[in-house]
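**Q** Structure incoming, see below.
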Amino acid sequence: MKKNVFATSWGIVAVGAIIGILAPLLQKLGNPGNMGICVACFERDIAGAVGLHRAGVVQFMRPEIIGFVIGSLIAAYLFKEFKPRGGSAPFVRFILGVFAMIGALVFLGCPWRALLRLSGGDLNAVVGLLGLAFGIYIGTLFLKNGYNLGRSQPTYASAGWLMPLTMAGFLALLFVFPQISGEAKSGVLFYSQKGPGAMHAPLLISLGAGLAIGFLAQRSRFCTMGALRDLLLFRQMHLFNGILALVVTCFLANLAFGQFHPGMAGQPVAHTLSLWNFAGMALAGLAFALAGGCPGRQLFLAGEGDGDAAVFVMGMITGAAFAHNFGLASSPKGVGPHGIAAVFIGTAVCLFIGFTMRNRG
Amino acid sequence: MNDTVDARGLSCPQPVLMTLGKIKTVKSGTLDILADTETAKENIIRASESKGWEVAEVSEEDNSFKIRIKKG
Chain R
70 MKKNVFATSW
80 GIVAVGAIIG
90 ILAPLLQKLG
100 NPGNMGICVA
110 CFERDIAGAV
120 GLHRAGVVQF
130 MRPEIIGFVI
140 GSLIAAYLFK
150 EFKPRGGSAP
160 FVRFILGVFA
170 MIGALVFLGC
180 PWRALLRLSG
190 GDLNAVVGLL
200 GLAFGIYIGT
210 LFLKNGYNLG
220 RSQPTYASAG
230 WLMPLTMAGF
240 LALLFVFPQI
250 SGEAKSGVLF
260 YSQKGPGAMH
270 APLLISLGAG
280 LAIGFLAQRS
290 RFCTMGALRD
300 LLLFRQMHLF
310 NGILALVVTC
320 FLANLAFGQF
330 HPGMAGQPVA
340 HTLSLWNFAG
350 MALAGLAFAL
360 AGGCPGRQLF
370 LAGEGDGDAA
380 VFVMGMITGA
390 AFAHNFGLAS
400 SPKGVGPHGI
410 AAVFIGTAVC
420 LFIGFTMRNR
430 G
Chain E
85 MNDTVDARGL
95 SCPQPVLMTL
105 GKIKTVKSGT
115 LDILADTETA
125 KENIIRASES
135 KGWEVAEVSE
145 EDNSFKIRIK
155 KG
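Protein chains in written order, with my numbering: chain R, 70 to 430; chain E, 85 to 156.
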């Protein structure tokens, strides 16, 4: 059998390092602060671009997310790993995606962004990462006690194409309705005029970086949640080495680009409420652990034909819409009006899922 | 007949959890683990080898993998 060099110990380190260079580069070229890549924030921006929410400062059809899925699809087909499958408790995964996003938006970042924020000197990310680890730890307790959403089944190739086609459709929208300077809307797409949604690297660079990362992450099985989970569950460092490489490289790149600003106050797109940074990421971590992958991994799985991962992704996009419509998302000013209630509800739902979906023996 | 672990269609980290669980129970001998993705196959191999088991054979059939591991 052909050897997959990206899935080796050095391979995943190399992939982490490449992501650790591309992310700060995307920031240098226009993406928001400490947000060269943020799967949660960018899926939220896509939700805004298509009008699922109307928070004017976070509306943009992020090409990075599109690239992640299509890059993964390309890798999967090239190396004969495209496996269309689905049917493992899809609605449960949808709900997990909703609350993963809600938790992430309370912290203002997914695990990818937490690592980038750390590499940019944002010490609030330390709290967030501790919360993430705690949530994943709770997830491992369920996993060790028989939590299982059941088997997926092979399905039609065209079923596996539907998420990549959806992303291709979003890309087509970007070209058919390009941003017009000074206009909040272009055809059907919303475009932020200010705020993080208005900050983006050039379209083709974002897309290219997304495609590259999608390809490399599919080959290397890169997963920020799995990195912590495997350390906690199996004392295995393989995935963790990948995120370590990401953080070290990103830190060095940030230093080189003048993007490293250590501290807690005044960090870009961040707040300093440690309890809710911890709790939001704990909820997100638990949801990712129960769903079997970090938000990036879910996009890469969707690209290789996993319909259950595709459902989780749609759950996250829907969760973002609820988050901004219901005032659940945080801002640099602090938590949203109903963010705290949402963390309690989301945690209760995830615990309910973890406790009730176990087969003993 | 070797003991078989059927990890096909299961989400990460179930395939590794099932493999390690079986390894802990049998302690030595030959085990056949069934998986349906390259990722699961790689993870199972890595986990087995970390516990001192040797991968005797990896075969592909019907779009799934059979990983035969041995110890003792």
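Just so it is clear, CB atoms sit at the ideal spot from N, CA and C, and this is done for glycine as well.
Just so you know, these numbers come straight off a predicted model, no measurement behind them.
Relative to the C-alpha of Ala-410 of chain R, which candidate in R:Arg-298, R:Ser-400, R:Gly-396, R:Pro-401 has its C-alpha closest?
**A** Minimum Cα distance to Ala-410 of chain R is reached at R:Gly-396.
**Q** Check whether the stretch 382 to 402 of chain R and the stretch 101 to 115 of chain R touch, using three or more Cβ-Cβ pairs below 8 Å as the test.
**A** At 8 Å Cβ cutoff, the stretches touch.
**Q** By Cβ distance, which residues of its chain are closer than 8 Å to Phe-246 of chain R, with the 5 residues on each side in sequence left out?
**A** Excluding sequence neighbours, Phe-246 of chain R sits near Ser-255, Gly-256, Val-257, Leu-258.
**Q** Which residues in chain R sit within 7 Å of Leu-101 of chain E, going by Cβ to Cβ distance?
**A** Within chain R, the residues near Leu-101 of chain E are Leu-212.
**Q** For a test of the three-state rule: what should DSSP assign to Trp-137 of chain E, helix, strand or coil?
**A** Three-state result, Trp-137 of chain E: coil.
**Q** On the three-state DSSP scale, how would you describe Leu-121 of chain R?
**A** Of the three classes helix, strand and coil, the one that applies to Leu-121 of chain R here is coil, per DSSP.
**Q** Given a limit of 8 Å on CB to CB distance, which residues of the stretch 89 to 113 of chain E reach chain R?
**A** Correct list: Arg-92, Gly-93, Leu-94, Ser-95, Cys-96, Pro-97, Gln-98, Val-100, Leu-101, Leu-104.
**Q** Could you check whether the Cβ of Arg-130 of chain E sits closer than 8 Å to any Cβ belonging to chain R?
**A** With 8 Å as the cut-off, Arg-130 of chain E counts as an interface residue toward chain R.
**Q** Quick check on Ser-227 of chain R - is its C-beta less than 8 Å from some C-beta in chain E?
**A** It does not: the Cβ of Ser-227 of chain R has no partner Cβ on chain E nearer than 8 Å.
**Q** I'd like the ranges of any beta strand (DSSP E) spanning at least 3 consecutive residues and lying wholly in the stretch 190 to 233 of chain R.
**A** Runs of the beta strand (DSSP E) inside the stretch 190 to 233 of chain R: none found.
**Q** Within the same chain, show all residues whose beta-carbon is closer than 7 Å to that of Ala-228 of chain R, passing over the 5 residues directly before and after it, in chain order.
**A** The residues are Pro-153, Gly-155, Gly-376.
**Q** Using a 10 Å radius around the Cβ and a threshold of 16 neighbouring Cβ atoms, would you call Trp-137 of chain E buried or exposed?
**A** That one is buried.
**Q** Run through the DSSP bridge pairs and tell me what Val-89 of chain E is partnered with.
**A** DSSP lists E:Ile-117 as partners of Val-89 of chain E.
**Q** Exposed or buried, Leu-344 of chain R, counting other C-beta atoms within 10 Å across all chains shown (16 or more means buried)?
**A** With fewer than 16 Cβ atoms within 10 Å of its Cβ, Leu-344 of chain R is classed as exposed.
**Q** Could you give the distance in angstroms between the alpha-carbon of Gly-125 of chain R and the alpha-carbon of Glu-133 of chain R?
**A** Roughly 20 Å between the two C-alpha positions.
**Q** Between the alpha carbons of Arg-298 of chain R and Tyr-206 of chain R, how many angstroms are there, rounded?
**A** Those two C-alpha atoms are separated by around 7 Å.
**Q** For Ile-171 of chain R and Gly-415 of chain R, I'd like the C-alpha separation in whole angstroms.
**A** Near 8 Å, if we compare the C-alpha coordinates of Gly-415 of chain R and Ile-171 of chain R.
**Q** Using a Cβ cut-off of 9 Å, pull out every chain E residue sitting near Ser-157 of chain R, in sequence order please.
**A** Within 9 Å Cβ-Cβ: Gly-93, Leu-94, Ser-95.
**Q** Go to Ser-343 of chain R, then tell me how far its alpha helix (DSSP H) extends in each direction, as first and last residue.
**A** Run containing Ser-343 of chain R: 343 to 360, per the alpha helix (DSSP H) assignment.
**Q** Does the beta-carbon distance from Phe-357 of chain R to Met-294 of chain R come in below 8 Å?
**A** Yes, the pair counts as a contact, with Cβ atoms nearer than the cut-off.
**Q** Please list, in chain order, all residues of the same chain as Met-70 of chain R whose beta carbon is under 7 Å from its beta carbon, the five residues on each side excluded.
**A** Residue placement at Met-70 of chain R cannot be trusted, given a pLDDT of 48 that sits under 50; the coordinates are not used to answer.
**Q** From the DSSP output, in three-state form, read off Ile-107 of chain E for me.
**A** Of the three classes helix, strand and coil, the one that applies to Ile-107 of chain E here is helix, per DSSP.
**Q** Who are the neighbours of Val-147 of chain R on chain E, taking C-beta pairs under 9 Å?
**A** It should be noted that the sequence gives Leu, not Val, for residue 147 of chain R. What Leu-147 of chain R touches in chain E: nothing, since even the nearest Cβ is about 13 Å away.
**Q** Under 8 Å between C-beta atoms, does Asn-86 of chain E make it to chain R?
**A** No - not a single Cβ of chain R is within 8 Å of the one on Asn-86 of chain E.
**Q** Compare the C-alpha of Gln-128 of chain R against each of R:Leu-198, R:Lys-263, R:Ile-87 and name the closest.
**A** If we check each option's Cα against that of Gln-128 of chain R, R:Lys-263 comes out closest.
**Q** List, in order along the chain, the chain E residues whose C-beta lies closer than 7 Å to that of Ala-76 of chain R?
**A** Chain E residues near Ala-76 of chain R: Glu-126.
**Q** At the level of alpha carbons, what is the spacing between Lys-108 of chain E and Arg-131 of chain R?
**A** In a straight line, the C-alpha of Lys-108 of chain E is about 46 Å away from that of Arg-131 of chain R.
**Q** Check whether the Cβ atoms of Pro-265 of chain R and Met-385 of chain R lie closer than 8 Å to each other.
**A** No, these two residues do not count as a Cβ contact at 8 Å.
**Q** Interface residues of chain E around Leu-324 of chain R at Cβ under 8 Å?
**A** Within chain E, no residue comes near Leu-324 of chain R; the closest Cβ sits about 34 Å away, beyond 8 Å.
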